[in-house]
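Remarks on the structure that follows.
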Amino acid sequence: MRLSQTRLLIAGGAAGALVLGGGVVYAAAGSTTHDAGKVSAQSPAGPAIVSKDFGSGMSAQANFDPSKMKLKPMPEPAAQAGGMQADAADAKALSLDGSLPENTPDALAAQGNVTAASSTAKVWSRHGKAPARTIGRLVATDDGRTGYYCTATIITSHNKSTVWTAGHCVHKGQGGNSGFYRYYGFQPDYNKGKSLGTWYLDKIRVMAPWANNRDLRYDFAAFTVKKHGKTAIQSVTGAQGVSFGYKHRTYKFTSFGYPDHAMPSGKHLGIEQLWYCSGTSFASKYPSGALGMWCSMGPGASGGPWLYGMKSNGIGRVSGVNSTHMTKTLQMNSPYLGSAAIKLYKAIQG
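Have a look at this one:
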């Protein structure tokens, strides 16, 4: 079943888009094959994972400068609806606390919190500290001149280099290991041209149902970034915790992103600032088993976190990711982060 004209995906992964009947935007097929990734075999433990490793060299990715590129939000991917994830009912929980940057002074720890629900996106102005410090703009490009951007979040990990985002922010949703972009750069705490530097990607992991079939039930991804000298990104930014394998659908969340415009109004917001919404989630069928919340953030916010239990220091737990948005209402959706998400999280640690 295809999505009807009443809903539209926040962002996608192909280099172009094709408008078909019913008001749905479908991504054009990508044709460029890039560095070979590794595709794991299907296993009884659930869907396979599709991988891309960049190796030890920096020169290939360092050929592009996001500040000099023409950027726009990711084009919308083709949509595929379906039932629950095959192993959703058997999901085991994974719950880990986040952390502030190393040697954090009290001034950075005193962040303040979001207390009032807001479905209308608002600018998050408190930079230099969590949560903004742990969230950034992800840029993907094939030619180093024009590119697309999404949102991504540093999450707690043993390697201190793991970042979480939407699957369509790093992979075009078809072609398996040929569906990745050529260059990527992540800019944490991005705000009006300033950030904590550009961190080039080291490894990317996505679920095979997304990489082969644009299956939105698996529209999430993880990647690691290379160190700056001997310093891992988590030491600089801190990290959000994670909470995967939750059993219910009603939780209080704060979602963040870098939207280009609001949905469904189309009001221009720009790509230079971090925005947020807050409210209570609900069960969504887009796709089945998903979470929904009311939020006006549109394209560009894709990949941004749904933070549960955010404390006054700006640290919470990622339990969802901006994936799709309805075209005629404020409903934004996240895929279910259960056993498949836990598998992906463990895979990126290797």
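With UniProt numbering, the residue at position 42 of the sequence shown is 42, and numbering never jumps.
We treat Cβ as the ideally placed atom computed from N, Cα and C, and that holds for glycine.
Just so we're clear, the structure is a prediction, and the values are computed from it rather than from any experiment.
Buried or exposed (CB count within 10 angstroms, at least 16 for buried), Tyr248: One-based indexing of the sequence shown puts residue 248 at position 248. One detail in the question is off: residue 248 reads as His in this sequence, not Tyr. Exposed, since its Cβ has fewer than 16 Cβ neighbours within 10 Å.
Beta-carbon contacts of Thr250 that lie in its chain and below 7 Å, excluding the five residues immediately before and after: Looking up residue 250 in the sequence shown gives position 250. Excluding sequence neighbours, Thr250 sits near Thr280, Ser281 and Phe282.
Counting Cβ pairs closer than 8 Å, one from the stretch 122–133 and one from the stretch 233–240, do we hit at least three? Two segments are said to touch when three or more pairs of C-beta atoms, one from each, lie closer than 8 Å; by this definition the stretch 122–133 touches the stretch 233–240.
For Gly309 and Phe256, what's the separation of their Cα atoms in angstroms? The residue you call residue 309 lines up with position 309 of the sequence shown. The residue you call residue 256 lines up with position 256 of the sequence shown. Straight across, the Cα-Cα distance linking Gly309 with Phe256 is about 14 Å.
Buried or exposed for residue 361, please, with buried defined as at least 16 other CB atoms from any protein chain shown within 10 angstroms of its CB. This structure cannot speak to residue 361, because the chain is shown only from 1 to 350.
Let me confirm a value: Ser67 is counted as buried when at least 16 other C-beta atoms fall within 10 Å, else exposed. Which label applies? By one-based count along the sequence shown, residue 67 stands at place 67. With fewer than 16 other Cβ atoms within 10 Å, it is exposed.
Limits of the alpha helix (DSSP H) - the one that Val170 falls within: As a first step, residue 170 must be located in the sequence shown, where it is residue number 170. Element bounds for Val170: n/a, residue is neither H nor E.
How long is the line joining the alpha carbons of Ala221 and Gly167, rounded to whole angstroms? Mapped onto the sequence shown, residue 221 falls at position 221. Mapped onto the sequence shown, residue 167 falls at position 167. About 5 Å.
Give the straight-line distance between the Cα atoms of Ile271 and Thr151, rounded to the nearest whole angstrom. Walking along the sequence shown from the start, residue 271 turns up at place 271. Walking along the sequence shown from the start, residue 151 turns up at place 151. Approximately 10 Å, taken between the alpha carbons.
Val163 to Gly136, Cα distance in whole Å? Mapped onto the sequence shown, residue 163 falls at position 163. Mapped onto the sequence shown, residue 136 falls at position 136. If you draw a straight line from the Cα of Val163 to the Cα of Gly136, it is about 10 Å long.
Find out if the Cβ-Cβ distance for the pair Gly298, Pro259 is shorter than 8 Å. In the sequence shown, residue 298 corresponds to position 298, counting from 1. In the sequence shown, residue 259 corresponds to position 259, counting from 1. Yes, these two residues count as a Cβ contact at 8 Å.
From which residue to which residue does the alpha helix (DSSP H) around Asn237 run? As a working mapping, residue 237 is identified with position 237 in the sequence shown. Residue identity check: residue 237 is Thr in the sequence provided, not Asn. Note, Thr237: alpha helix (DSSP H), Ile233 to Thr237.
Using the Cβ count rule (16 or more neighbours within 10 Å means buried), how would you classify Lys343? Along the sequence shown, one-based indexing puts residue 343 at 343. Buried.
Do you know how far the Cα of Ser99 is from the Cα of Trp124? In the sequence shown, counting from the first residue as 1, residue 124 sits at position 124. In the sequence shown, counting from the first residue as 1, residue 99 sits at position 99. Their Cα atoms are separated by approximately 20 Å.
Between Ala110 and the rest of its own chain, which residues show a CB-CB distance below 7 Å, the 5 nearest in sequence each way excluded? Position 110 of the sequence shown, counted from the start, is the residue given in the question as residue 110. The predicted model places Ala110 with a pLDDT of 46, which falls under 50 and marks its position as unreliable; any figure quoted below should be read in that light. Within the same chain, Ala110 has no close Cβ partners at all.
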